[in-house]
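Undergrad: I have a structure here, written as structure tokens, and I will follow up with some questions on it.
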Amino acid sequence: MTAAASWPSVEGLAYGGDYNPEQWPRETWDEDMRLMREAGVNLVSVGIFSWAMLEPEEGRYDFAWMDDLLDLLHSHGIAADLGTPSVSPPAWFFHRYPDARVTDKNGTVMGFGGRGMASHAAPEYREAIARMAGALAERYGEHPAVVMWHIHNEYGVPIAEDFGPRAVVSWRRWLEERYGTLDGLNAAWGTAFWGQRYGAWEHVVAPAATATITNPAMKLDWARFTDDQLRECYVVERDAIRAHASQPITTNFMAHQAWNTDLWKWAELVDVVSDDHYLWSPDPDAHVGLALSADLTRSVAGGKPWILMEHSTSAVNWQGRNIAKRPGEMRRNALTHLGRGADAIMFFQWRASRSGAEKFHSAMLPHAGESSRVFREVVELGGHLKDAAEVRGSEVEAEVAVLYDWESLWAQDLEWRPSDDVQFRERMRTFYERLWRDGVTVDFAHPDQDLSRYKLVVAPASYLLTASSAANLTRYVEGGGTLLVNFFSAIVNENDAVHEGGFVAPLRDALGLTVEEFLPMREGDTAAVRWTRGAEVELPSDVWQDDIVLAGAEVVAENISGPGAGKPAITRNTHGEGVGWYVGTKLSVEALRTVVDAVYADAGIEVSGLPEDLEVVTRRGAAEDFVIAVNHGDDAARLPVAGKDLLSGAETDGELEVPGGGVAVIRTSRGTGGDGV
Amino acid sequence: MTAAASWPSVEGLAYGGDYNPEQWPRETWDEDMRLMREAGVNLVSVGIFSWAMLEPEEGRYDFAWMDDLLDLLHSHGIAADLGTPSVSPPAWFFHRYPDARVTDKNGTVMGFGGRGMASHAAPEYREAIARMAGALAERYGEHPAVVMWHIHNEYGVPIAEDFGPRAVVSWRRWLEERYGTLDGLNAAWGTAFWGQRYGAWEHVVAPAATATITNPAMKLDWARFTDDQLRECYVVERDAIRAHASQPITTNFMAHQAWNTDLWKWAELVDVVSDDHYLWSPDPDAHVGLALSADLTRSVAGGKPWILMEHSTSAVNWQGRNIAKRPGEMRRNALTHLGRGADAIMFFQWRASRSGAEKFHSAMLPHAGESSRVFREVVELGGHLKDAAEVRGSEVEAEVAVLYDWESLWAQDLEWRPSDDVQFRERMRTFYERLWRDGVTVDFAHPDQDLSRYKLVVAPASYLLTASSAANLTRYVEGGGTLLVNFFSAIVNENDAVHEGGFVAPLRDALGLTVEEFLPMREGDTAAVRWTRGAEVELPSDVWQDDIVLAGAEVVAENISGPGAGKPAITRNTHGEGVGWYVGTKLSVEALRTVVDAVYADAGIEVSGLPEDLEVVTRRGAAEDFVIAVNHGDDAARLPVAGKDLLSGAETDGELEVPGGGVAVIRTSRGTGGDGV
Amino acid sequence: MTAAASWPSVEGLAYGGDYNPEQWPRETWDEDMRLMREAGVNLVSVGIFSWAMLEPEEGRYDFAWMDDLLDLLHSHGIAADLGTPSVSPPAWFFHRYPDARVTDKNGTVMGFGGRGMASHAAPEYREAIARMAGALAERYGEHPAVVMWHIHNEYGVPIAEDFGPRAVVSWRRWLEERYGTLDGLNAAWGTAFWGQRYGAWEHVVAPAATATITNPAMKLDWARFTDDQLRECYVVERDAIRAHASQPITTNFMAHQAWNTDLWKWAELVDVVSDDHYLWSPDPDAHVGLALSADLTRSVAGGKPWILMEHSTSAVNWQGRNIAKRPGEMRRNALTHLGRGADAIMFFQWRASRSGAEKFHSAMLPHAGESSRVFREVVELGGHLKDAAEVRGSEVEAEVAVLYDWESLWAQDLEWRPSDDVQFRERMRTFYERLWRDGVTVDFAHPDQDLSRYKLVVAPASYLLTASSAANLTRYVEGGGTLLVNFFSAIVNENDAVHEGGFVAPLRDALGLTVEEFLPMREGDTAAVRWTRGAEVELPSDVWQDDIVLAGAEVVAENISGPGAGKPAITRNTHGEGVGWYVGTKLSVEALRTVVDAVYADAGIEVSGLPEDLEVVTRRGAAEDFVIAVNHGDDAARLPVAGKDLLSGAETDGELEVPGGGVAVIRTSRGTGGDGV
């Protein structure tokens, strides 16, 4: 087969959703075609959960209904993203291969009846998915409706870890490959502690239930192993498809919403990056988390356009209180994705299911049918995407990088950390939200990658930072970069071992300090810092303080209460051509404003001064720019920009009023709408 | 054997409790007889946990002590309700038949040492209980002390579900009987969703641990199956007894306190309904829940007198904080049961156990002995019941029915509902409490039953409402009835599938609306509605709003804040000769007052205007009525009634003062004390 | 071997910590020696987790590194407390003997990877630890560095209970030995309740998962059995060592921080008592809990000096928020231990581990190295201990005993108690803290022991109090003692059976009352009592009230609100020559002040009147006393004392000013610093 394209063959921006017509009688399919056309749908994902329909008995395939479906779609000009059904093996599979079921850490075997999770380590499973993917590709590799392949679904969800017998065999083999010798493993895991030295590979078990906490380096490797098992299964399917088909292959990520997959590694294996995103209902500013996910998705995609494979038209069904989207909210969400690089806007799912676990999940066509508010907005959004088709292929450029490393997340999530109140996710969101509110567009970056093109690099949660990563950051500062590091960073190496020299030692040169001791605070306790650079201001803090040992850094704020009262809280260090900032206490989005204003000044970043609720991102096209504006506030906001709003058709020569809750996509000459504005 | 009587042969009202003398030396039994006589006890339940005493080894019976006990009781004029001990098989049983133990959904096997729960699906268990029940009936079927049979104890408590191997075999057979074909099962369960289609019966497993949530229709059937297994075991014992004995047979329910048994079905199988009830300590108004349970018990009994088989003289022992009853509280509780149809007032248990799990449970004879407050009140209550003996056989009549369907409860309790804050139990209690505070006596009704005799039907929580039930309700309205429906009703059919036409569609005619979308609110958020029928008033609301699509209904209140601000909140619809009300947001007991006042007016229901804490119920005798008054308040209350208080002997010719905390049972001429007064 | 000494052969006060050099390269060991000398370290614990190093394969020993280590220590004048590694069997052990793993109550088997907990009932384990301990003793019994043996580590931590097959076999044997006959067992467990009668020993299972709660007497015996299993394993090792070595043998307790070991029994088996203690971070007054643990440790040691085997220089790592000690806090903690009888001050651990589960646990030598605050304070503390060496061997004398019985704790912790808010630990801490704040030094005592030497005996939580213990307390009062008993005491006997005669009946004579009924309060409810002895004062109360039946006692306070309003709350009874006080409601540390002031007056106890935060304890030497003062407050405090502060060298002739946060050890003539002052 020839090399795959990096984008499915669909005209303009793609629009559609998961389509599972096997849940309805055939006559409903025709209604679906009519309404899809009305909504402007040009791409649907099919077959994702269809294994039991496609292979009702082991080795006996039934493709007739899929033939029919693909032909029907094609005849209506709708392209298909064809799923492989490996996420949900049929009942017969688990009956026949009970050892291919997942076992949890307490020894409970996960049975059939939900979404049929299989052990990704099981050879029986790998053989079965290869056979199924190959059969699909052989049959549909040339089908004119099929423009993309969608392997599996949300790897790692609902669960990734398997502690069963198949996994243990794979685990030992994986460790032998990683370490070569037991001495290597014993050293990496620090097994001298608590007397855990291994004398034979077969003595190594999975980190399942233990009487007290399990060796953390072992658990960190287990997280890597688990991710690797998933990726190996992806490759099995990818190769089986590629033998027969040349369309681009993807699998849908859940960036910053699921945690077991290292998307830097995954993104290398797909032809085009796709992502699912759902608002987190308890969060009234969930659209900020949405933007974070979108930027992270674009970043793992190397800045190239990506596919929003799933989001929801309104409420989901699996949260404690499933908040419906208000009128206009779906459009705002979709436009944020578009603005941050998505060239396909897709939903789960086309038609709401009457039965099953997700019947209360919203859909493009809800239970209330086509006369509903939701369907009217779906049709409207389809029109918008048609109007904005020329955005396709343009890219987002950022001056700021935020470090994001799944290995550090995994390590920080292990047990027995200094404080339960210090969490990767919270810190990542807080720093991101500060930048988002300031209108500063960011990329996410791995700490090992070349950072020289960024004016500012932010490390909100780099607990695990290898010596080589630290050296990379130090070089970045030396070369003139501005680095902002939050506390509890640069603590351990790749084996979760404390760095030689103590906490933060690998960044000693860049930051001009080390940390002698952590000073976490009791639950609910608060403190404050006095900022003294420029104006003197007091900022509230909580959760954490550090006992900082200065090694050249200048103190720009000190703790005025708390266990570290009188000690440095925030520092600034010039190193080489650049500057290294360190924040040694927990600051809120609001309190961080004072800090980042000073950091922006060092980095030469100008902020727009627009209202915080007016989200503005620029996509850079071949010749012109596209400014996407999303107004999350209730009041109209004025955006300085010149050009044409592709949605309304209005021309503006200096300022556009975006109504409360409204959106705009302005084609503008290069330079009149810059990054962040 | 001849058909059983519907009431045990005891004179007057029955009074007594569980009696487990095997826990004490023989000399204590004589003291028990003396004190029972002093207290007016005329009925005790014996043998409920006595299997290990009656059959110390498999097949070897020891009836000597039971012979002795029954003779002793009889010689003191105390009747026996003879239990079968099937709730607690002996240690030897589980040692011999380990597969007859219960397995939980995570695969943990429940061992011996608590209350020896057995797998109700296990043939070994069914054979053993049939043998034991038969042996008891053969020996004691003619014993003059034995006036009733008490099978098992609180079916479904402490656990009902069993996921073990015996259950899985039964489950497949049960499904085959229910559905006939796999196509039927696949359709009912909607297995097309998430690829769960079954191709063979033996592929179906129990809905035990799965990686994510399990098919809800499967789980709903599992609840039905579980209940059916319990009922099959009951029938096994009943038939074994009936072969040798003619006394009425019962088993003690736990109406609205245990949830695995569909009491509409159970009530058909017993000769007389009996119920256990315990106050829920955290609830300062637990007596309202007590009244609810009593009305529900009477309702499943078809309005006929029933047996309060267990309640407590004071604190229980299994709650977090076991609140002792205050002086007079036991009497109030007992009189509420009497007022709502109980002709037998029994306790768990006669004498407090010194050992074991329930030694801190109160008893008629507490650890402190006969010189205690509790025993004095027990003696006093015995006297009251003797004085009120003529109440026996009278019945309660109600103008209002509240819909109560265990299948709907089971379905609503499944996972992934729109909001965790919407609960069957809370809604049932809130609507009931509104009616209770208004002095409106209610029956509970199944939504399929003939409702035409009621002026008002209330549906607080009818999430699962079949098309035929909905048609029944619609006919009820057409015929002139008043129907009050709370939100999240008429959502799914018997397979937990969303109704065609969308939410509330089956009640579209009766209510004059459907619901396009649910608008649940974030945890803790509040809103309000503006009521505009008659006076304009603002009512607080929370948790839920609906996006209502009117189809003829009149809006009587709209949301003035929250996600549905400006939309209809409460509606009224005339249909045929009747009226259908709909409440589309969550209102408290207090806020509901405005609504029900208008509803009462439509239904022609007059409320008494008595103080809310003065509980008044009328039992209709053959010639005269009995007004039972229970004053839960601290202040005396005046009750307009003429007649004689059977407890105090006082005659009243128009108004009776019931002291704070006091009670009265007034014999009155028909009509001077009506329903609700 | 000759009988062991009762103290390790170390000069002066011992100082040091756990030393696990196998985690570092050999060159680090030399640095360790240098720094230990600098810090004044004279004793280290080695080998505690070294099984996998000492016996890398079953039966093949590697002692070379331990030879090297002990020689190195000896050459630097540092003594060794040589551990047996039985707490952490190697991976090969569990691979070879899978049935020697621990099973939890739900059937989950605890695997390798944490701290390798083994089944203490497993014969394979017992053989292996005997062999290993014997091999160590044979090789090092004569080594000049070895001055003590340290068996295992913190028995019962992380878990004590094992429900696996090996344990069940032992359990049946243990029960047969305890009860002789099944009739005995059935009577003790009250198996007549809930039909639990056993007809054969092999029918008895472990109290693992059951459908509802398990027989409480069975569970209480299970706690005794579990403790006995641990103790049997200790004896196996002790005997194996004693065959070859004569140094004192210990195992490190966790008094009042771990709960599965009855330290009254354990203390009889060790040559010298040692204890580990860690501050509980959420408690801002954790130093009070520290003092409690120290007093309890000294008490189980029979008043003799003991070893603080582990505490921390700063934060631990296993709590939710691991609070670092502030400057001076480590010294205060160490001095409190010293003041309350510890003649050895040791830490976990010498050098912070770079890897593993406890890398964030502080150490004498932290990650930041020797230039850190912590190491400086370690060096300072070493100097203090050298200066105060003459304190060694002196003893603490107390006029007050607090009853502490692990069996009562175990029984009270069982399920289904009257109120979840009544907890052994809370009541023990509250009463202890009252006495601590009053400067009253206490011993802890078992309720069976001779109490006649105490002026006051306090029973904060004697739920289980045998008839003979109650008789002992009654004799104590008769003989002139003052007894203060908190509610929910003297409720059950050794089988968790309610005493004949009802609650508190065994103390009826001593207290002049019984309790007819418990009146626990709803969560969060509060009440008050009116105290009327001397001044009239109102004290807040909550959680609990009693329905007291007076039998001679005088009411000194009554409840003025709550369920027991108007009833006695606090009583005083003269019996024989003494006085019995009873507190029938839950009072706080502050509210108890009024009560204990009156009790002190009865008992003839004078309180110092010093500031509550100034902790003062006196150790009585052969000729002189040593007053140890620890100022937990921020302000300086004046202590009336004459003598020489061994730490500062200052002489004082009547009053010493102890700075805020400071400490002092004053050698004083007998009588000038008395008990509590």
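Residue numbers (the numbering used here), protein chains in the order written: chain A, 4 to 680; chain B, 4 to 680; chain C, 4 to 680.
Where is the CB? At the ideal position from N, CA and C, for every residue including glycine.
Nothing here was measured: the structure is a model prediction, and the numbers come from that model.
Measuring alpha carbon to alpha carbon, tell me which residue in I216(B), G663(B), T253(B) and A594(B) is nearest D637(B).
TA: G663(B)
Undergrad: Contact criterion: CB-CB distance below 8 Å. Does V680(A) meet it with respect to chain C?
TA: Note that V680(A) scores 40 on pLDDT, short of 50, meaning its location in the model is unreliable and no value can be drawn from it.
Undergrad: Rounded to a whole number of angstroms, what is the C-alpha to C-alpha distance between L16(A) and G385(A)?
TA: If I take the Cα positions, the gap works out to 10 Å.
Undergrad: How many Å lie between H370(A) and S544(B) at the Cα?
TA: The straight-line gap separating the alpha-carbon atoms of H370(A) and S544(B) is approximately 26 Å.
Undergrad: For G202(B), return the contacting residues in chain A, with the cut-off set at a CB-CB distance below 8 Å.
TA: A55, P59, E60, P93, A94 and W95
Undergrad: Would you please verify whether the beta carbon of Q426(A) is less than 8 Å from any beta carbon of chain F?
TA: The structure shown contains no chain F; its protein chains are A, B and C.
Undergrad: Looking only at C-alpha atoms, which of V150(A), E145(A) and V666(A) sits nearest to A83(A)?
TA: V150(A)
Undergrad: Relative to the C-alpha of Y158(C), which candidate in E402(C), T264(C), E660(C) and Q352(C) has its C-alpha closest?
TA: T264(C)
Undergrad: Under the three-state reduction of DSSP, which class applies to R670(A): helix, strand or coil?
TA: R670(A) falls in the strand class under three-state DSSP.
Undergrad: Assign A203(C) to one of two classes, buried (16 or more other C-beta atoms within 10 Å of its C-beta) or exposed (fewer than that).
TA: exposed
Undergrad: Counting along the chain, where does the beta strand (DSSP E) carrying A560(B) start and finish?
TA: Unbroken beta strand (DSSP E) run through A560(B): E557 to N562.
Undergrad: At a cut of 8 Å, does the segment 13–29 of chain A reach the segment 182–191 of chain B through at least three beta carbon pairs?
TA: With the cut-off at 8 Å, the segment 13–29 of chain A and the segment 182–191 of chain B do not touch.
Undergrad: Taking the straight line between their C-alpha atoms, what separation do you get for S317(A) and D286(A)?
TA: Taking the Cα positions, S317(A) is about 15 Å away from D286(A).
Undergrad: Taking contact to mean at least 3 C-beta pairs separated by less than 8 Å, is the segment 511–523 of chain B in contact with the segment 550–570 of chain B?
TA: yes
Undergrad: Note down, in chain order, every chain B residue with its Cβ under 7 Å from the Cβ of W197(C).
TA: The answer, in chain order, is F52, S91, R118, G359 and A360.
Undergrad: Need the endpoints of the alpha helix (DSSP H) that I244(A) sits in, please.
TA: Looking at the DSSP string, the run of the alpha helix (DSSP H) that includes I244(A) is P219 to R245.
Undergrad: Pull up the distance between the alpha-carbon of M113(B) and that of S365(B), whole angstroms please.
TA: 28 Å
Undergrad: Relative to the C-alpha of G527(C), which candidate in D424(C), S375(C) and A220(C) has its C-alpha closest?
TA: Answer by Cα proximity: D424(C).
Undergrad: Name the chain A residues whose beta carbon is nearer than 8 Å to that of F115(C)?
TA: Q199, H206, V208 and T213
Undergrad: I need the DSSP call for N496(C), collapsed to helix, strand or coil.
TA: In the displayed model, N496(C) falls within coil according to three-state DSSP, outside both helix and strand.
Undergrad: Would you call the segment 646–658 of chain A and the segment 42–58 of chain B touching, i.e. three or more CB-CB distances under 8 Å?
TA: no
Undergrad: On the three-pair Cβ rule with 8 Å, is the segment 383–398 of chain A touching the segment 326–338 of chain A?
TA: yes
Undergrad: Is it buried or exposed, R343(A), if we count other Cβ atoms within 10 angstroms and call 16 or more buried?
TA: buried
Undergrad: Taking 8 Å as the CB-CB limit, is E3(B) close to chain A?
TA: A question about residue 3(B) goes unanswered here, because the residues of chain B that appear run from 4 up to 680.
Undergrad: Quick one: grab the DSSP three-state call for P168(A).
TA: helix
Undergrad: So, for Y182(C): in the same chain, excluding its five sequence neighbours on each side, which residues have a beta-carbon less than 7 Å away from its beta-carbon?
TA: L188 and A191
Undergrad: Would you mind stating whether V619(A) and L338(A) have Cβ atoms separated by less than 8 Å?
TA: no
Undergrad: State the DSSP-derived secondary structure class of Y18(C), mapped to helix, strand or coil.
TA: strand
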